[in-house]
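Accompanying notes for the structure given below.
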Amino acid sequence: MAEPVPSDFDAARAEAEALTERILELRDAYYERDTTLVSDLEYDAMVHRLEAIEAAWPQLAGQDSPTQSVGGGVDSTLFAPVVHAERMYSLDNVFSIDEFREWAAKTERDADEAVSWLCELKIDGLAINLRYERGALTTAATRGDGTTGEDVTENVLRIQGIPRRLSGTGHPELVEVRGEIFFPVAAFNELNAEQTESGERVFANPRNAASGSLRQKADGKSQKEIDLMRRRLSRLRMLVHGIGAWPDPPVATQSGVYELLGSWGLPTSPNYRVETTIDDAVGYIEHYGEHRHSVEHEIDGIVVKVDDLALHARLGATSRAPRWAIAFKYPPEQVQTILRGIEVGIGRTGRATPYAVLEPILVAGSVVRRATLHNQDVVRAKGVLIGDTVVLRKAGDVIPEILGPVVELRDGSEREFVMPTECPECGATLAPSKEGDVDLRCPNARACPAQVRGRIEHIGSRGGLDIEGLGEVSAIALTPPNGPLTTEAGLFDLRLEDLTPIEVPTIRGGEVQGTETPYRKVVRQARKDEAAEYGPSSAALELLAELEKAKTKDLWRLIVSLNIRHVGPVAARSLAAYFGSLTAIRAASVDELAAVDGVGPIIAEAVGDWFDVDWHVEIVERWAAAGVQWATPGHPGPGAGEETQDGPLSGLTVVVTGTIEGYTREGAEESVIAAGGKPSGSVSKRTGAVVVGPGAGSKETKAIELGVPIVPAERFGEFLQRGLEVLG
DNA sequence: CACCCTCGAGTTCA
DNA sequence: CTCGAGGGTG
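Under our numbering, the first residue of the first sequence carries the number 2, and numbering increases by one thereafter.
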């Protein structure tokens, strides 16, 4: 087997650069001078090695990489070669702000004067060269190897926004307009959805989709296929970013070039900016790093160019790239890895969820090993087989999502996933809870270890009783096969002597490494050969103290802890405020329950049904016997109405996003309630105000879009006192 | 009845 | 964060 790809970025980059240079040299020798310097085998090995490195480190793969084109970059059997009037350079890359500053500082030194920087988005698309003669489009060609490209004029003419004839005046005898052809993100997602639906391969990224679409041939196709091809082409767009073969343009700057091209009716980007300092250019890079998805096309970086054209001439170019421009590459958001297997997990409600077990891979800053596949329909829809190389991204930069398989890399050894018929945890037969439901569930709610574990974890969670020391790890420790809790009914009966004997397997890197006792530790062992004396660990003492505190927490938290279907923090709050005690809720009819604001017939039914199950009632009774307070002290009884306090925020729905100094998210929401407001998690046009702190994302954008008032985090305290007045 | 909003559930890693 | 589904409103 081949040597593993370097796991260190700098090492990978150094090797990729060395390989690229060598491959281009050999290719040049072969095609231009007809000389063979190494065997085909050696050459192929080098290309494969580079491909492997680029697959693991996609930011190293650009359209100028030798892996992106075959041979001399032109497949002349399909498209006629076109020699560009002026060579199309590629750009040097930097991968960090530090590297960028270094480059900019050096450029300023070389220029020997203050430099203005034209900053623009680096579109993840396909470079194109449009040749206009006396204002008329004569040829459109791909970049190819920079010198010779492919003639794709026929297809390019079908792209909207590319004029066949330039408007305005002052067109030179000959000018080459350089631009980028791309798939807008929305259209790209639609395309991939369609591809999946018709069982065809999905495109790994918009660049591949653009390239694939542009390099289609109409020859020998049916009318239906031709229509499909034209429809795809009509979804492509182009933006221009340079000129070639025009020695004396009547403008002095790169930005002037864009204005001129715009006046000729060519599509220019609305997002470029001229910055006068390096710091401002860095600001531009950072801004779009955070707002990568707020433009219509994918961005894989930022291009920074010296604006002054006179300086371009002075700075010149290296053999491959100009010295007056640089590409800043963002870390990739999409990578490829191997799907090792698909396993099935059981959630707290018994739902069986298949998840992908992946060859660990670095995406957007963290190593991903697993990704959910939701249900069997999704597995089928994505078309992935076990053993496939798959395309992976982080949705919203957090949750890993598998987009689809890379079909070309299949070798026939891949197997289809078959949904199990039995619960992997307890062996019960999985079945849909309703006829025709997609989701399969384990019916063994009371005894399935996975469900008990999930419910106990939920009880400890922030939206439940918020018990410190009762999270995922403790839930595993406390339930079979490790601990004594066969259901949550015994949670508040736990004693120290129940905890100390608990042993759990130690897992490191997916392997069992022995066992440990989380609730017991050595308290005394004078000498090595002496028998050790054991006592409870601080975790055990903390857990018991926290459980004690939980017995008197708010009624709504206790209701959430019952794990009634559809009853989360919001519905539980409404029920608790209206009825005041669990006894009153249990005594209420379905109609009475459904009359509560925010509770409809389905939730009311779920609550009623819950009390009909013996082991559910046992939970309530045993918790009560252990001292749990199932009532709000001082509550006058059912019908007391909703818990809306009068205050400065009365009648206002408030969304809190980002971090707010001095508050936890929970605390901020409590404060909103205390001031009479209603906290919510999503912004809509009915939202009264959005409190925005550092780190806010899409919610802030949405608030601006909808014209919802925005309260800066530092004025939150003031806002609680005076309401919307603070915005004046 | 059709919409829009909101809630709940599942989810990954450090 | 995203999805699907419940609840409320016009």
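Even for Gly, the Cβ is constructed at its ideal location relative to N, Cα and C.
To the nearest angstrom, report how far apart residue i and residue j are at their CA atoms.
i	j	result
Asp228	Glu100	47 Å
Asp113	Glu715	44 Å
Met1	Pro67	The first residue shown for the chain is 2 and the last is 729, placing residue 1 beyond what the model contains.
Cys424	Leu431	6 Å
Pro82	Ile286	36 Å
Ala527	Arg496	29 Å
Val657	Thr350	29 Å
His375	Ala357	10 Å
Thr319	Glu360	39 Å
Gly635	Ala676	21 Å
Ile560	Leu479	21 Å
Cys427	Pro502	24 Å
Pro7	Arg102	26 Å
Gly147	Glu87	9 Å
Leu363	Ala372	13 Å
Lys522	Gly536	6 Å
Ala3	Glu52	Because the pLDDT at Ala3 is just 49, under 50, the model does not fix this residue reliably, and the value given afterwards should be weighed accordingly. Looking at the two C-alpha atoms, the distance is approximately 12 Å.
Ile98	Asp281	12 Å
Thr21	Glu297	32 Å
Within the continuous alpha helix (DSSP H) that includes residue i, where are the two ends?
i	result
Asn130	Element bounds for Asn130: not the alpha helix (DSSP H) but the beta strand (DSSP E), 127-134.
Pro207	207-215
Ser367	Segment 367-373 is the beta strand (DSSP E) holding Ser367; no alpha helix (DSSP H) there.
Asp11	10-34
His1	Since the first residue shown for the chain is 2 and the last is 729, residue 1 is missing from the structure and cannot be characterised.
Ala227	The amino acid at residue 227 is misidentified as Ala; the sequence shows Ile. Per DSSP, Ile227 belongs to the alpha helix (DSSP H) from 224-236.
Gly668	666-675
Phe720	717-723
Ala353	No alpha helix (DSSP H) holds Ala353; the beta strand (DSSP E) holding it covers 353-364.
When burial is assigned at 16 or more other CB atoms within 10 Å of the CB, is residue i buried or exposed?
i	result
Arg411	exposed
Ala533	exposed
Lys222	exposed
Lys529	exposed
Gly729	exposed
Ser434	exposed
Thr507	exposed
Gln514	exposed
Glu670	buried
Gly72	For Gly72, the pLDDT reaches just 41, beneath the cut-off of 50, and the residue's location in the model is therefore unreliable, although a value from the coordinates is still provided. Exposed, because fewer than 16 other Cβ atoms sit within 10 Å of the Cβ of Gly72.
Asn130	buried
Ser214	buried
Gly317	exposed
Ala546	exposed
Ile661	buried
His567	exposed
Glu151	buried
Leu158	exposed
Gly74	Legend: pLDDT at Gly74 = 41, less than 50; position of this residue unreliable, value from coordinates given subsequently. Under this definition Gly74 is a buried residue.
Thr139	exposed
Check whether the Cβ atoms of residue i and residue j lie closer than 8 Å to each other.
i	j	result
Ile160	Met239	yes
His85	Ala142	yes
Pro337	Thr390	In the sequence as presented, Pro is not what sits at residue 337; that position holds Gln. Yes. Within cutoff.
Ser91	Arg321	yes
Ser562	Ile460	yes
Ser672	Tyr664	yes
Arg208	Gly126	yes
Val712	Thr688	no
Leu492	Val453	no
Ser475	Leu544	yes
Leu556	Ala632	yes
Specify, as a first and last residue, the run of the beta strand (DSSP E) that residue i falls within.
i	result
Ser681	679-681
Lys123	118-124
Lys107	Premise fails: Lys107 lies in the alpha helix (DSSP H), 98-112, not in any beta strand (DSSP E).
Thr139	137-143
Gln337	335-347
Lys383	First-last for Lys383: 377-383, but that is the alpha helix (DSSP H), not the beta strand (DSSP E).
Glu276	274-276
Whole alpha helix (DSSP H) elements within the region 405-482, 4-residue minimum:
450-461, 473-479
Give the list of continuous alpha helix (DSSP H) stretches no shorter than 4 residues that lie fully inside the region 539-616.
539-551, 556-561, 570-580, 583-588, 591-595, 602-611
In chain order, what are the residue ranges of uninterrupted beta strand (DSSP E) at least 3 long that sit wholly in the region 511-539?
512-517, 521-525, 534-537
In chain order, what are the residue ranges of uninterrupted beta strand (DSSP E) at least 3 long that sit wholly in the region 149-187?
Fully enclosed beta strand (DSSP E) runs of 3 or longer: 149-151, 175-183.
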